[in-house]
Amino acid sequence: MDLKILRYFLTVANTKNITKAADLLHITQPTLSRQLIVLEENLGVHLFIKEKRSIELTAEGRLLKKRAREILDLADQTSKELVDPNSLISGSVAVGTIESSGSEKLYELMGPFSQEYPNVTFNLYTGSTDDILEKMDQGIIDICMLLDPVDTSKYNVIRLPSNEQWGVLLHVDDELAQKEAVTIQDLCKVPVLLPSRPAVKSEVENWFGKTKYYIKTFGTYNLLPSALLCVEKGLGYPICLNNSLIENHQSICFRPISPAKTIQSVILWKKNRNFNSVTELFVKTVYRHFNASIY
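Heads up, the sequence shown is in the numbering used here, so the first residue is 171 and it goes up one at a time.
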């Protein structure tokens, strides 16, 4: 499968318009159309559904869009990794993080590292734990910051000494917002939103003990913007970790849960992976910063 054709396909999939895609690719519309027809013939499936004003993807097209992005990301990263190791230190490090304040600790190391090695760039990914681990297993992400519980059997791990505290998101006018902390008993009386990750969801439910069977659950969420929107619309009370994104919403506040419920941040990278020299250098920097001892 030609990488150039995959880039053509991805451009059409993103613009949903042959003419716009051809302009962006600096080729003629007939040439682009022929390339897409050949791609469909080679794959033996239909990738597009032509609407009046746009082009939509079939189920097969949506799958190829996802895989094409992964293939092209991996191809681009591989090309960068094949730079002459004896040349001036340059290259890229792919870093994955979830939405947590602990992730800031990893970001804080990037600034000094970038100043010391100005030809190094960082490719940053934010997503759910499952998304980040999948990309790391595929070789798209080099190193990541996540939260326990995580199966670390396939990864090298640094456990950060500080813990993050669980709490609940509230509208500033809510009665519970007047308290310094929210109790489990308080949460039994309101509709809550739970983290969608099964291991974390189960841990949170266990805080409620026998009363967990009577929790008023509005639903689950995987990323913080969805939880914030639910608070704004008065749909429920998301149980989450404190995050700098919350500060951007003046109508929403965070209250810790009492007694305190905490979780530990972890830095992971895949065992026995052959990193490029730049990534190896950044991993060593992370180790030294947290006083780890492998290097």
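Just so it is clear, CB atoms sit at the ideal spot from N, CA and C, and this is done for glycine as well. The structure presented is a predicted model; accordingly, all values stated were derived computationally and were not measured.
The C-alpha of N446 lies about 38 Å from the C-alpha of R204. Counting C-beta atoms within 10 angstroms of its own C-beta, S270 has 16 or more neighbours from the protein chains shown and is therefore classed as buried. Using a Cβ distance threshold of 8 Å, I409 and V362 count as a contacting pair. Collapsing the DSSP output to three states places F378 in coil. Our two residues, L340 and V352, have alpha carbons roughly 10 Å apart in a direct line. Pairing N333 with S298, the inter-Cα distance amounts to about 19 Å. Inter-residue distance for L438 and R237 is about 24 Å (C-alpha atoms, whole angstroms).
The bridge partners DSSP lists for H341 are I422. E221 carries a coil assignment under DSSP once its states are collapsed to helix, strand and coil.
Here DSSP, grouped into helix, strand and coil, assigns N184 to helix.
Excluding five sequence positions before and after V370, none of the CB atoms of its chain fall closer than 6 Å to its own CB. Less than 8 Å separates the beta-carbon of I188 from that of V182. In the assembly as shown, R232 is an exposed residue. Its beta-carbon has fewer than 16 other beta-carbons within 10 Å. Assignment of beta-bridge partners to T267 by DSSP yields T296 and M315. Contact between L180 and R223 fails: their C-beta atoms lie close to 20 Å from each other, not under 8 Å. Taking the CA atoms as reference points, V401 sits about 22 Å from A430. For S447, the enclosing alpha helix (DSSP H) stretches over residues S447 to H459. Membership of G309 in any beta strand (DSSP E) is not indicated, and neither H nor E is assigned to it by DSSP. F283 is positioned such that its CB atom lies no closer than 8 Å to that of G337.
For L209, the closest C-alpha among the options Y178, V360, L399 and E375 is that of Y178. Judged by their CB atoms, V265 and C314 are nearer to each other than the 8 Å cut-off.
The beta carbon of K386 sits closer than 7 Å to those of V360, P361 and V362, all from its chain and outside the five residues before and after it, given in chain order. Annotation for C410: the continuous beta strand (DSSP E) segment containing it runs Y407 to L411. When DSSP reads this structure, I328 sits in a beta bridge with I437. G379 counts as exposed, since fewer than 16 other C-beta atoms from the protein chains shown sit within 10 angstroms of its C-beta. Distance from the Cα of T449 is smallest, within the candidate group D172, I259, D301 and I241, for I259.
When DSSP reads this structure, L363 sits in a beta bridge with G389 and P408.
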